[in-house]
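When the letters of the sequence shown are read in order and numbered with mature numbering (1 follows the signal peptide of the UniProt record, and there is no 0), they come out as residues -22 to -1, 1 to 125. C-beta: ideal position from N, C-alpha, C; glycine also. Quick caveat, the model's predicted, so the values are computed rather than measured.
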Amino acid sequence: MKRFFRQAISLALFCVSTVSVAQAPIGDNFWLCKAHDQANKEWLAQSVYSITAINKAYDACKKQSEYPETCKTSKADCEAFVDGRSTRPMWQCTALDFSGAPWVSDIYTHRDDAALGAKAYCMDNSGIPETCYINMITCRNINAAGP
């Protein structure tokens, strides 16, 4: 009987210690936030809740930074993932010159920045840079669902 109780207590202690160490899996829907300090070091944290992710990133920065008083983060430093895919806008625009050559911008989070980037790329690389123009209809959010 003593042996049975000893085994039961051992099993119970094992289960309790395993459960307290284990973390709940995040899954495919989560927030990823970052914090940074004046040395431009970054700390990332993720959680199913945005406020938890931002607080975890900030706490990690405060604890691990050489300059903890300079740690910063904001909602803009957070990104939502749904089904494992980022929901952040990813804008890309195309500028044209009069020869019809397309000049595709890099990816930006704001459409206007992508348009300006495409025009600047055209003006820097086109043989006839004075003819570069952008029409906002050439801009698309490549992260949006659709064809």
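{"Check": "Give me the DSSP bridge partner(s) of S25.", "Outcome": "W9"}
{"Check": "Exposed or buried, G95, counting other C-beta atoms within 10 Å across all chains shown (16 or more means buried)?", "Outcome": "buried"}
{"Check": "Once you ignore the five residues that flank K40 on each side, which residues in its own chain have a CB closer than 6 angstroms to its CB?", "Outcome": "P46, C49"}
{"Check": "Sort N33, M68, G62 by Cα distance to H14 and report the nearest one.", "Outcome": "N33"}
{"Check": "Should L10 and F76 be called a contact, given that it needs their Cβ atoms to be closer than 8 angstroms?", "Outcome": "no"}
{"Check": "For a test of the three-state rule: what should DSSP assign to E57, helix, strand or coil?", "Outcome": "strand"}
{"Check": "What is the rounded straight-line gap between the Cα of W21 and the Cα of E57?", "Outcome": "14 angstroms"}
{"Check": "For Q70, does the three-state DSSP call read helix, strand or coil?", "Outcome": "strand"}
{"Check": "Tell me which residues share the same chain as Y111 and place their Cβ nearer than 7 angstroms to its Cβ, disregarding the 5 neighbours each side in the sequence.", "Outcome": "A73, L74"}
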